[in-house]
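This note's numbering puts the first residue of the sequence shown at 12, with every later residue one more than the last.
Note that beta-carbon positions come from the ideal geometry of N, C-alpha and C, so glycine has one too.
Just below is one structure, and these are the notes that go with it.
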Amino acid sequence: MQGAFSHILQLLDSIPPGHVVLNDNICERKYTNAEFSAAVNFLSAYMKEHMADEVLICADNSAELVILYFAGLFSGKVMVPIDPEKEIGEIQRIRELHSAAFFLDNNAVQKLVSFPVYAEKKSTRLLWERVDFDKLFLITYTSGSTGMPKGVRHTASNLFHAAYEFGIMLKYDHRTVMGHCMPMTYMAGILNTVIMPYLMGGCIVVLQRFSMKSSFSFWDNIKKGSVNTLWLSPTMLRIANMMDKRAAMKAYLHEHNVRISVGTAPLDKNLRDEVEGKYGIRLYQSYGLSETLFISTEIPEEYISRHTVGRLLPSVKIRCSEDGELQISVPWMFLGYTNEDTSLYMNDEFYLSGDLGRFDDNGNLVIAGRKKEVIVRGGYNVNPRDIENTVLEQEDISECAVTSALIRGEEMIVCCYVAAREYGITDINHMIVSVLGKHSKIDFLERMRSLPKNLNGKVDKRAIANIVEEQYDTKV
């Protein structure tokens, strides 16, 4: 860790004062590293004097929020971001866990970070050697679809070390112009698209948070910000692809050598084939968890099988339990949960991921699904991910989710899909049985206009089960 951190500090200190590190595409303002540093230094001094040890932020994406995160780091505060799009009750429950925290909403963030005040200040350099990287810095709350989200605790050392190894693998540098459209209150919107591009000497282009509304101007804003690097969830990628039906962005993507990483949820084969074929570019699928941060990624030097999430980062160790669960050891392991017994998720220094996986013949990591989603039928383990991948082989099925639902007191296998035409359960089961065997047959098939998803773009399988169970109860 020490060796890596000396390189990290060298990278941070080597960013030129005149280099644009932050481009506010929303308010049309650019910040050089000197201007950014002045803002961070002034705000961190204010935070030291006027704010509690914990700072709870419930705010939308903005350049001001980026500055606030760095000011929190330099002032030694613990930053606790909350997604403003969460339900009010959930936000209140998280606030109750941090009752002594200094609270900032959108208006407070905008008033607090007033750049004209900083422009007059003389301090134009960040003194990274003064940062206590080993102190608790960030608590993010997971976007789980059921129950209370878990608060995940990390040091700045964890974040910067993971970002460094990932950035090296994907060859990020001063030419990297990262379009930021992820929610800035989740780990992917902080680690992937704020800390990593800044650390590697690039530029963060602040875009509006991705949504159906913002998607109409998404590609125009990519061009406006001269973006050449993106992090998207599969849901974002699907919508962005729909918004460019005639592949008008193809020339731009090639001219700017745009690199798109895909994470936070599995990337299905059909979507990948469609986007890569349409634009003639390569997508880079990655794998990571809030607790362990970056774990693996596809890399430019290799063209890998479409069902893998690439190579492990150099410092990552993985072992598989007898039932196929991935147990993960990283030097940037989280410090524990705020509201759950962390020991239940650890085996020595290995984190019990809950994900099923294996390595292919080339040493690439393959994620086979979630352990808790495995359905036991007649003594056989049925993996929903295997069924989903089989169904998605049909070219006109764009999305598919398989889960279990309780119907007539029995656990039934339900398959929901999105497609232009209706499929019969007999035809689908014939395809499933021919590939996976009779134990993987589904009991219910439901066509949907879209699959329900949580705030992070992951398919909400509990919601799917509820929908099917309610439909069945209504019919009865």
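For G274 against C331, the beta-carbon gap comes to about 21 angstroms, at or over 8 angstroms, which does not count as contact. P28 has its alpha-carbon roughly 43 angstroms from the corresponding atom of V470.
Note on G374: under 16 other CB atoms within 10 angstroms of its CB, so exposed under the neighbour-count rule. Sequence-distant partners of M442 (beyond 5 residues in either direction) whose C-beta falls short of 8 angstroms from its own C-beta, in its chain, are T401, V402, E404, Q405. Counting the other CB atoms within 10 Å of its CB gives D71 a total of 16 or more, which places it among the buried residues. Relative to the Cα of E351, the nearest Cα in the group E96, S415, V163 belongs to V163. Secondary structure of R458 (DSSP, three-state): strand. Taking I78 as reference, the option from M62, S48, V89, V425 with the minimal CA-CA separation is S48. In this structure, the straight-line span from the alpha carbon of I102 to that of V269 is close to 36 angstroms. The shortest CA-to-CA distance from G380 to any of N36, E481, D371, I398 is the one to I398. Close CB contacts of D24 within its chain, under the 8 angstroms cut and outside five residues either way in sequence, are with W139 (chain order).
Contact fails between the stretch 187-202 and the stretch 332-348, because fewer than three Cβ pairs, one in each stretch, are under 8 angstroms apart.
Take the alpha-carbon of E433 and the one of R458: they are about 7 angstroms apart. Between E410 and L462, the CB-CB gap stays under 7 angstroms. Annotation for H165: the continuous beta strand (DSSP E) segment containing it runs 162-166. Burial of E176 is indicated by the presence of at least 16 other C-beta atoms within 10 angstroms of its C-beta. Assigned with DSSP and collapsed to three states, Q405 falls in coil, not helix or strand. DSSP places N467 in the coil class of the three-state scheme, outside both helix and strand.
Counting along the chain, the unbroken beta strand (DSSP E) around T308 starts and ends at 304-308.
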